[in-house]
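A short worksheet on the structure shown next.
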Amino acid sequence: MAKITKLGRGLDILLGQVSSASGQSNPNNNLKMLNVNSLQRGKFQPRDDINPETLNELAESITSQGVIQPIVVRKITYDKYEIIAGERRWRAAQIAGLSEIPAIIREIDDQVALAIGLIENIQRESLTPLEEAKALQQLIEDFKMTHAEISHVVGRSRSAVSNLIRLLQLNDSVKQLLGNGDLEMGHARALLSLKEEQQFDVANQVVKRSLSVRQTEELVKRVLNPKPKKPTSVDPHIEALIQSLSKKLESKTEIKQSGNNKGKIVIHYKSAEELNNILKHIN
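Rendered as structure tokens:
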């Protein structure tokens, strides 16, 4: 992919190009029926994977209603087109047995194609939270957009945009759990309060115990604010015996109990001379 540079003409001009190129103005001007075999996946597609179940549901809808929203493409050779927005519709149309699909053909450069691919997929396609987070982050990195600008473009609140982007800070293993659907976004947001090395351990507990988001939040609070351990109380008679032994042996002595009247006596020494002195007292 060609290196994307900061736009000098401003965000408004870019969004105007995106609106025009994605078919939001005069959509019928370049609308054609294209053979599904003449299309190829777009290089700016933010989706990592497509859920087969949701794809089949879309295919059933297309079978009964047709493709309502045309896909957006650009020409790459005389008979080949690259999909800019609408890969799910294209794949579902093939499952539905369609040989052609309605498409809006645009002459656009990589920069506008990238913007369309990201924005259209965020607005119209069922991206996973992580896929959406990556797409939003790419808008920031490649187009220098702020969270406020992105929220305006994609129709999300600013806080929703910020919360999605924060998911990229998760431990890689936790991201995989989120991507697989083992965790919901609410779980993931709660885990963000933890250090990276703690996130996976807590996430595993969440999955194994099928914890709700609220239960996960409580678990995270306990991890962040553990209760101080109560000091173990020592039997006064044992304490007196420890002091007596330490005095007699002239060395630090410990008595460690393990229950059922079992335990062990530990005598400390720092040199061979101290050890010999202890042995003399014992003998």
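Numbering (my numbering), first residue to last: 57 to 339. Backbone N, C-alpha and C fix where the C-beta goes; we use that ideal spot for every residue, glycine too.
- [ ] Assign A296 to one of two classes, buried (16 or more other C-beta atoms within 10 Å of its C-beta) or exposed (fewer than that).
- [x] exposed
- [ ] Alpha carbon to alpha carbon, how far is K283 from I139? Give it in angstroms, no decimals.
- [x] 55 Å
Task: Cβ neighbour criterion (16 or more within 10 Å) applied to M201 - done: buried
- [ ] Please list the segments of the beta strand (DSSP E) lying wholly inside the region 98-157, counting only runs of 3 or more residues, in order along the chain.
- [x] 127-133 and 136-141
Open item on the list: Considering Cα atoms alone, identify which of R144, L247, E252 and I294 is closest to Q340.
Closed with: Within the shown structure, residues of the chain are numbered from 57 to 339, placing residue 340 beyond reach of any answer.
Task: Cβ contact check for the region 186-197 and the region 217-225: 3 or more pairs under 8 Å - done: yes
- [ ] State the Cα-Cα distance for the pair I160 and R278, rounded to the nearest angstrom.
- [x] 54 Å
- [ ] Starting from the Cα of V123, find the closest Cα among N339, I321, N107 and G153 and give me that residue.
- [x] G153
TODO: Check the DSSP bridge columns for T202 and list the partner residues they point to.
DONE: Paired residue(s): none; T202 is not in a bridge.
- [ ] Enumerate in chain order the residues of its own chain whose CB-to-CB distance from R147 is below 7 Å, with the five nearest sequence positions on each side excluded.
- [x] I106 and L111
Task: N-terminal and C-terminal residue of the beta strand (DSSP E) that G211 is part of - done: Per DSSP, G211 belongs to no beta strand (DSSP E) and is neither H nor E.
Open item on the list: Please identify the residue among I118, T184, K131 and T133 whose C-alpha is closest to the C-alpha of S155.
Closed with: I118
TODO: Examine chain D for any beta-carbon lying closer than 8 Å to the beta-carbon of G211, and answer yes or no.
DONE: The chain labelled as chain D is not found in the depicted structure, where only one protein chain is given.
Task: C-beta atoms of H324 and S307 nearer than 8 Å - done: yes
Task: Run of the beta strand (DSSP E) containing I298, from where it starts to where it stops - done: Taken as a continuous stretch (DSSP letters only), I298 belongs to no beta strand (DSSP E), being part of the alpha helix (DSSP H) at P292 to L305.
Open item on the list: Just to check my reading of the structure: E109 and R130 have Cβ atoms closer than 8 Å, yes? What is that Cβ distance to the nearest angstrom?
Closed with: The pair is not a contact, with the Cβ atoms about 30 Å apart (cut-off 8 Å).
Open item on the list: For a quick check, are the C-beta atoms of V276 and V258 less than 8 Å apart?
Closed with: yes
TODO: Note the first and the last residue of the continuous beta strand (DSSP E) segment covering Q313.
DONE: T309 to G315
- [ ] Please classify G237: does DSSP put it in a helix, a strand, or coil?
- [x] coil
TODO: Quick one: using the 10 Å Cβ neighbour count with 16 as the cut-off for buried, is I172 buried or exposed?
DONE: buried
Task: Alpha carbon of I2 to alpha carbon of K231, nearest angstrom - done: A question about residue 2 goes unanswered here, because the residues of the chain that appear run from 57 up to 339.
Task: Per DSSP, cross-strand counterpart(s) of G319 - done: Q313
Task: Rounded separation between D228 and L335 - CA only - done: 57 Å
Task: Straight-line Cα distance separating K251 from K99 - done: 34 Å
Task: Short Cβ contact (8 Å threshold) for D198 with L234 - done: no
Open item on the list: Tell me the rounded alpha-carbon separation between H337 and K304.
Closed with: 7 Å
Open item on the list: Quick check on DSSP: helix, strand or coil for N227?
Closed with: coil
TODO: Drop a sphere of 10 angstroms on the beta-carbon of G319, count the other beta-carbons inside from all chains shown, and report buried for 16 or more, exposed for fewer.
DONE: exposed
Open item on the list: Just list the residues that DSSP pairs I161 with in beta bridges.
Closed with: V129
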